[in-house]
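Here's the structure, in structure tokens; my notes come after.
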Amino acid sequence: MQPKASVQGLPIYEPGKPLEDVKREFGLTDVIKLASNENPYGCSDKVWSALAEEKERFHLYPEGHATLLAEHLARHLQVDVNRLIFGNGSDEIVQMICRAYLDVGEESVIADPTFSRYETGILIQGAKPVKVPLRDGVHDLEQMHAMITEKTRIVWVCNPNNPSGTIVDHQALKDLLEQTPEDILVVIDEAYAEYVVDPSYPDTLSLLEQHPNLIILRTFSKIYGLAAFRIGYGITHPKIVHELHRVREPFNTNRLAQRAAMAALQDQAFVEQCRIKNRQAMEQVCQTLDEWEIHYYPAHGNFVLFDTGYPSDEAFQFLLERGIIVRSGRALGFPTHLRVTLGTTEQNQRFLDAYDEFMKSKRRMRSNV
Ligand SMILES: *Cc1c(COP(=O)(O)O)cnc(C)c1O
1 MQPKASVQGL
11 PIYEPGKPLE
21 DVKREFGLTD
31 VIKLASNENP
41 YGCSDKVWSA
51 LAEEKERFHL
61 YPEGHATLLA
71 EHLARHLQVD
81 VNRLIFGNGS
91 DEIVQMICRA
101 YLDVGEESVI
111 ADPTFSRYET
121 GILIQGAKPV
131 KVPLRDGVHD
141 LEQMHAMITE
151 KTRIVWVCNP
161 NNPSGTIVDH
171 QALKDLLEQT
181 PEDILVVIDE
191 AYAEYVVDPS
201 YPDTLSLLEQ
211 HPNLIILRTF
221 SKIYGLAAFR
231 IGYGITHPKI
241 VHELHRVREP
251 FNTNRLAQRA
261 AMAALQDQAF
271 VEQCRIKNRQ
281 AMEQVCQTLD
291 EWEIHYYPAH
301 GNFVLFDTGY
311 PSDEAFQFLL
321 ERGIIVRSGR
331 ALGFPTHLRV
341 TLGTTEQNQR
351 FLDAYDEFMK
361 SKRRMRSNV
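Sequential numbering of the sequence shown, starting at 1, is according to the numbering used here.
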């Protein structure tokens, strides 16, 4: 029995290595994970007590439309509540968009490399990903626009881009939206929006009114520290929300996730703290990379992609054996790079010290030949 043609040979997602696996494999006890862009400070303390209150209702299905969370979020974002749709992670909304809007043989424009879930979603529908190479690690929006044909249905912009960490600015995005026909969706994935401090970063919410084909994706997995719960959201025209509801699983976001997200949302002081500490971590890591004259892409999220100068897996494995899990660039389209998530000051220092060792071992090897 073969699956449908579009699924045959589809790559299976390679996640960052779980902590538990590494501990077992290398017999280590003290392992740190800087591989999946999770929040090193966890989540707001308010989440736990909110969850405890839900225990009376574990036998009840969740609220399918996440109505209460939607009301809170609408107030926080200052958007109309019927512009919001929730997913089991924003990953699921990517799938929902592809399901609802892509047919066999149609095209969808993506950057290359970018977040892998767009391509997978496109391929499952039997549609064709049209890949436009990054330019110095940045989305080439002009070229992406140039690749639009009468078959194009969706254009994806990951901003900041995962894995390069770069951003496109407000004007560039505005130009793309203005040039793109209204019957083509433009999806802006802003999973790391709350981390960005660059003033040129697009204010995408302000573009919603004028562009009914714009979908903004955000998540509670990153700065809010709720990756385990799987909850993300889309902000778009109510008409698109309506269409996405047609393909949504009836209870796609669970009761605990909705509750956790609501509590997390109410603790913006925690978010602000994380944003500040992330900038300090960024300086700590980038200053050292500068001292070492290592090339990295201008990073705006909570991770940095840098060039090791060797096949990615060499440094990846070296760090892994010392209890530091980072992401190898090999599966991310950057075969000599590593992507490291910014952690606490101590975690970053441990990573930098170990990477220093890696470079020394490489120099020793070279001087021995
Ligand atoms: C982490 C991430 C997501 C989202 O994740 P969910 O946990 O599914 O909400 C989406 N897009 C990008 C680019 C990411 O890096």
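Don't be surprised by glycine CBs; every beta carbon is placed ideally from N, CA and C.
Here the region 285-293 makes no contact with the region 149-163; the two share fewer than three CB pairs at distances below 8 Å.
Distances between the C-beta of GLY89 and the heavy atoms of ligand 1 include at least one below 7 Å. Within the chosen limit of 7 Å, ligand 1 does not reach the beta carbon of PHE318 with any heavy atom.
Judged by DSSP secondary structure, PHE306 falls within the beta strand (DSSP E) whose first and last residues are 303-307.
Under the three-state reduction of DSSP, LYS33 is assigned to strand. By the neighbour-count criterion, in which 16 or more other beta carbons inside 10 Å mark a residue as buried, LEU84 falls on the buried side. Proximity of the beta carbon of CYS274 to ligand 1 is not indicated: no heavy atom of the ligand is located closer than 7 Å. With a beta-carbon spacing of about 5 Å, ARG230 and ASN88 fall inside the 8 Å limit used to define contacts. Under the DSSP assignment, VAL132 falls in the beta strand (DSSP E) whose first and last residues are 128-133. The closest heavy atom of ligand 1 lies 7 Å or more from the beta carbon of GLY137. Proximity of the beta carbon of SER221 to ligand 1 is indicated: a heavy atom of the ligand is located closer than 7 Å.
Between ASP103 and LYS131 a beta carbon distance of about 19 Å is seen, past the 8 Å cut, so the two are scored as non-contacting.
Inter-residue distance for PRO11 and GLN78 is about 39 Å (C-alpha atoms, whole angstroms). When the alpha-carbon of LYS46 is set against those of PRO62, GLN8, LYS239 and VAL271, the nearest one is in VAL271. If you compare the alpha carbons of GLY323, ARG279 and ARG339 with that of ARG24, the shortest gap goes to GLY323.
In this structure, THR253 lies near ALA66, with their beta-carbon atoms less than 8 Å apart. Going by DSSP, THR120 is part of the alpha helix (DSSP H) stretching over 116-124.
Listed in chain order, the non-local C-beta contacts of VAL81 below 7 Å within the same chain comprise ALA70, GLU71 and ALA74, local neighbours out to five positions each way being set aside. Contact annotation: MET262 and LEU68 have beta-carbon atoms nearer than 8 Å.
Inclusion of ASN39 and GLY225 in the CB contact set at 8 Å is warranted, their separation being smaller than that value. When the alpha-carbon of MET144 is set against those of MET1, GLN317, VAL187 and HIS59, the nearest one is in VAL187.
The straight-line gap separating the alpha-carbon atoms of TYR118 and SER367 is approximately 44 Å. Burial state of ALA52 is exposed, judged by a 10 Å Cβ sphere holding fewer than 16 other Cβ atoms. Just so you know, the alpha carbons of ALA146 and LYS222 end up roughly 32 Å apart. Taking non-hydrogen atoms of ligand 1 into account, the C-beta of ARG230 is found less than 7 Å away from one of them. DSSP places ALA193 outside any alpha helix (DSSP H), giving it a letter other than H or E. Secondary structure note for LEU214: its beta strand (DSSP E) is the uninterrupted segment 214-219. Going by beta carbons, GLY126 and ARG327 fall outside the 8 Å limit. Counting along the chain, no beta strand (DSSP E) covers ASP356; the unbroken alpha helix (DSSP H) around it starts and ends at 345-368. Rounded to whole angstroms, the separation of the alpha carbons of THR341 and MET96 is 28 Å.
DSSP places ARG248 outside both helix and strand once states are collapsed to three, so it counts as coil.
Beta-bridge annotation (DSSP): ALA111 is paired with VAL132. The C-beta distance from ILE93 to GLY232 rounds to 6 Å, short enough to fall under 8 Å.
Assignment of THR149 by DSSP, reduced to helix, strand and coil, places it in the coil class.
Taking 7 Å as the cut-off, one finds no heavy atom of ligand 1 near enough to the beta carbon of PHE334. Its Cα nearest to that of THR204, the residue LEU177 stands out among GLU182, LEU177, PHE220 and THR114.
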